[in-house]
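Notes follow once the structure below has been shown.
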Amino acid sequence: MPQDGPLKIISDFFGADEAITSFAKGKDKWVATMIFTGSSQEEVINKRENCYNKMPGAINHILKEKIH
């Protein structure tokens with residue numbers, strides 16, 4: 275992750291409760307560790323899916339393949 279920095283903590287990162295990320299608008303390559311919370315596992319999974327759907331570009335397809 276350091277090579278993709280600088281890293282920052284962002285609340286409500288595309289719907290994730292918080293993220294540690296190098297994301298910047300217009301940046302082609304970035305990394306993120308995202309934190310999701312919920313009252314049930316189903317709620318957390320739904321928040322995660324909604325987050326991935328909000329992310330810009332083709333990144334959505336890549337992320338979904340890696341988690342399933």
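First residue of the sequence shown: 275, per this note's numbering; consecutive thereafter. Just so it is clear, CB atoms sit at the ideal spot from N, CA and C, and this is done for glycine as well. Nothing here was measured: the structure is a model prediction, and the numbers come from that model.
Within the DSSP secondary-structure output, K301 pairs in no beta bridge. Excluding residues up to 5 positions away in sequence, S296 lie with their Cβ nearer than 6 Å to the Cβ of G279 in the same chain. Going by DSSP, Q315 is part of the alpha helix (DSSP H) stretching over 315–328.
With contacts defined by Cβ atoms closer than 8 Å, C325 and A290 form a contacting pair.
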